[in-house]
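Taking it in order: structure first as structure tokens, then the write-up.
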Amino acid sequence: MPISNPKRYTVTAALIYANGPIHIGHLAGCYIPADIYVRYLRSNGKEVAFISGTDEHGVPITIRAKKEGLTPQQVVDKYYTQIDAAFKELGISFDIYSRTSKPVHHETSREIFKDLYDKKVFAEETTEQYFDETAQQFLADRYIVGTCPVCANPNAYGDQCERCGSTLSPLELKDPRSMLSGAKPVLKATKNWYLPLDKMQPQIEEYINGHSEWKTNVFGQCQSWLKDGLKPRAMTRDLDWGISVPLPDTEGKVLYVWFEAPIGYISATKDWLIQKNGSDEGWKKWWQHSEDNPDEETKLVHFIGKDNIVFHCIIFPAMLMAEGNYILADNVPANEFMNLEGDKISTSRNWAVWLHEYLQELPDKQDVLRYVLTANAPETKDSEFTWKDFQTRNNSELVGIYGNFINRAVVLTQKFCDSKVPAAGELQEIDLNVLKELAAFPARIAESMENFRFREALTLIMDLARTGNKYLADTQPWHAIKTDPERVNTILNIALQISATLSIVSEPVLPFTAGKISEQLGLTRKTWQDAGKADLLPAGQPVSEAKLLFEKIEDHIIEKQIQKLHDAKRLNELEGKTVTAIKPEIQFDDFAKMDIRIATILEAENVPKSKKLLKLLVDIGTEKRTVLSGISEHFKAEEIIGKKVLYLANLAPRKMMGMESHGMILMAEDRDGSLAFVQPGKEVWNGGTVN
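The sequence shown begins at 1 in full-length UniProt numbering and counts up by one.
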């Protein structure tokens, strides 16, 4: 059953692999929703620990290390630093952003594993696992690819198909192959320790069935797993990168990354307290039951993407149940996936909007990204990010509605009220109605926040801004000032009170903007309980000079980002291109018939009515010849004069475009179809032969 009135909150955001940068799919999936929720809780005065970090073990790390020519430690150091800095710049308000490579994590993971081992929770089994005979190494799930048995994706991983989302085991793959050598792996006996999920299924079912309030996508996926019947899962692996198994005679074995990674939330909490207080004392109140104080309940909430549901809703809870002292997640508001410009976001294909690049290329627009990703969050189904939608939402909504209202309220106050909050006079019916609406908004927004409906909450926030705009349009203080200045004072007082509430309720989503509004208005009362009140700003309080909160984003900025994606797609296509197959074998005598010589291009001009041909005059040492060459789409005529080239001298003349071409210039074609001259490595005289 859900906890209705917790004393504190432990909120976690998924530990991302430190094998690459953060992209918008990660942000929309869990990090921005988690930050919105935590900021909302803090605004309500709740005690919160917001925990996350990088997952620095597992096969994705070793794959990236191999690709970049680095050690696994160098890889995780590189990406931890980059990810941590990007999160801070975006305003993600973690209490701790830790690392699973830290000693505190290794110690905590080994302790929990050893505790379960001593309690005889694990089943020790010798099974056959895939082994790469070429690399002489057992293959972890992610080192095996093959055809998915569900959707026939030929590049499914041994633990999951990224196309259809199915969770797999290596033995289910058809035509498996090793990612180390490309060879077909063989089965070889090895010993590992398994968590008996099959025996624990009744406990797990009771836990999940007690949370029917979970999002339908989460609850439904869990029920599907339970219906299929849970199976034991190995909690150790044969690898050389990870946390060593704390048992004798286990050299070359590490803890399964999905055993130790969620323990990273616990170790990160300890790390937070160590950094904060010098010791980890007090960590248990965030994670364990308190028998002495049963009323001191802690609500645990995991924010994740849908591909991690099974680990956070079944495997991690099963581990904590078996240990016996830990609280279980009260909610796991997992989001679906965000796609990009009609295609699935892919790190390997570089089809992504990377956070660190966004922050560099669109400076001071953190809240624009937070807004767009929240407005289009994949809360119940997959959603899509497009740069055109990003531009429209910024220009039409943030600039045209939200920013426009705040700017109008402040500018009119400067103009008509000497830059001070005016005193409200007698209230008319329109004033009473808008103040009634204002008072109702915070509770409506809070209800959406508490139920993880952040898109809905954002819609209500924008509705409040629309309410403010409509109020100004209906009351027209710019006209009323001519006949009734006292009436204008009342109108602008109410407009500024709406602005103040907008700052408070916007802060979870738009923290940078909310801060700017508060600074302009001199707002000091910023708790959620203050929002909606008609006296947030006292009469006479100075209002700072108006500054635009958002700026219009022009087409050329968007076009540049779209082109960047197209360039990435083109590069991916080229990387997948293979070298042309070698032509059928010939004899030396066939080759010897060709007379290839060094020549210099003396003149070059375009051939009229031809898109491809250039007319060249070349010096071949013995004479000068005219050659028609189909290279005008690759070179400008004036750029190639004077170049040394390879020239096939004894090719029979050929008539083209009414002219006769003598011989051929030899060119090399790159993978993108571009041409390059084949040239001697040093100065060679014209007519020099190529043997």
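All C-beta atoms in this analysis are idealised placements derived from N, C-alpha and C, irrespective of residue type, glycine included.
Just so we're clear, the structure is a prediction, and the values are computed from it rather than from any experiment.
N-terminal and C-terminal residue of the alpha helix (DSSP H) that I498 is part of:
Boundaries of the alpha helix (DSSP H) around I498: 485-506.
Helix or strand or just coil, what does DSSP make of D198?
D198 falls in the helix class under three-state DSSP.
Under DSSP, the beta strand (DSSP E) around I274 begins and ends at which residues?
For I274, there is no enclosing beta strand (DSSP E); the residue is found in the alpha helix (DSSP H) stretching over 257-277.
Would you mind sorting K306 into buried or exposed? The rule is 16 or more other CB atoms within 10 Å of its CB.
Label assigned to K306: buried.
Have a look at P485 and A334 and give me their C-alpha separation to the nearest angstrom.
Each residue's alpha carbon lies about 53 Å from the other.
Do the region 121-131 and the region 41-49 meet, that is, are 3 or more Cβ pairs less than 8 Å apart?
Short answer: they don't touch.
Excluding sequence positions up to five away, which residues of its chain have a Cβ less than 8 Å from the Cβ of L549?
If we look at L549 and ignore the five residues flanking it on each side, its Cβ neighbours are L398, Y402, G403, I406, N407, T513, K516, I517.
Taking the alpha carbon of L617 as the reference point, which residue from G45, A637, N350 has its own alpha carbon closest?
Of G45, A637, N350, the residue nearest in Cα terms is A637.
Ignore the nearest five residues each way along the sequence and tell me which others in S419's own chain have a CB closer than 7 Å to its CB.
Excluding positions up to five away in sequence, the list reads T413, P542, V543.
Below 8 Å on the Cβ atoms is my guess for F131 versus V186; work out the distance and round it to an integer in Å.
V186 and F131 do touch by the CB rule: their CB atoms are close to 6 Å apart, below 8 Å.
Alpha helix (DSSP H) containing V368: first to last residue?
Taken as a continuous stretch (DSSP letters only), the alpha helix (DSSP H) holding V368 covers 366-375.
Within the region 85-126, ranges of the alpha helix (DSSP H) (whole runs, at least 4 residues):
DSSP runs (the alpha helix (DSSP H)) wholly in the region 85-126: 103-118.
Is the beta carbon of I586 less than 9 Å from the beta carbon of T689?
Taking 9 Å as the Cβ cut-off, I586 and T689 do not qualify as a contacting pair.
Can you tell me the Cβ-Cβ gap for L472 and A439, rounded? I've got them flagged as a contact below 8 Å.
L472 to A439, Cβ: 19 Å. No contact.
Out of V579, T490, D159, M449, point me to the one whose CA is closest to F670's CA.
A quick correction: the sequence has Asp, not Phe, at residue 670. Per the Cα distances, V579.
Determine the extent of the alpha helix (DSSP H) in which L412 is found, giving its start and end residues.
Per DSSP, the unbroken alpha helix (DSSP H) holding L412 starts and ends at 404-416.
State the DSSP-derived secondary structure class of G146, mapped to helix, strand or coil.
In the three-state reduction of the DSSP assignment, G146 falls in the strand class.
CB P21 to CB E519, shorter than 9 Å?
Cβ distance not < 9 Å, so P21 and E519 don't count as in contact.
Rounded to the nearest angstrom, how far is the Cβ of H634 from that of L675, given a contact under 8 Å?
L675 and H634 do touch by the CB rule: their CB atoms are close to 5 Å apart, below 8 Å.
Taking all protein chains shown into account, decide if R654 is buried (16 or more other Cβ within 10 angstroms of its Cβ) or exposed.
Of the other Cβ atoms in all chains shown, fewer than 16 fall within 10 Å of the Cβ of R654; this residue is therefore exposed.
Thinking just about the alpha-carbon of each residue, which of E660, E447, C30, M657 is nearest to the one in I309?
Checking every option, the nearest Cα to that of I309 belongs to C30.
Please work out which residues of its chain come closer than 6 Å, Cβ to Cβ, to residue 693, disregarding the five sequence neighbours upstream and downstream, and give them in chain order.
With the chain represented from 1 up to 691, any question about residue 693 goes unanswered, as that position is not in the structure.
Secondary structure at W241, three-state DSSP: helix, strand or coil?
Coil, per DSSP.
Under 9 Å, do M338 and L116 count as touching if we go by C-beta distance?
Result no, Cβ atoms of M338 and L116 do not sit closer than 9 Å.
What distance in whole Å lies between the Cβ atoms of T127 and T190, which are believed to be in contact at a cut-off of 8 Å?
Here T190 really is in contact with T127; their C-beta atoms are around 7 Å apart, less than 8 Å.
In chain order, what residues of the same chain lie with their CB nearer than 6 Å to the CB of D280, ignoring the 5 residues before and after it?
In chain order, K270, L273, I274 place their CB closer than 6 Å to the CB of D280, counting only its own chain and leaving out the 5 sequence neighbours on each side.
Would you tell me roughly how many angstroms separate the C-alpha atoms of N153 and D343, rounded to the nearest one?
Roughly 16 Å between the two C-alpha positions.
Quick check on DSSP: helix, strand or coil for H302?
Reduced to three states, the DSSP call for H302 is strand.
Look at the Cβ atom of Y157, then the Cβ atom of L139, and state whether they are nearer than 9 Å.
Taking 9 Å as the Cβ cut-off, Y157 and L139 do not qualify as a contacting pair.
First through last residue of the beta strand (DSSP E) which encompasses Y9:
Segment 8-13, the beta strand (DSSP E) holding Y9.
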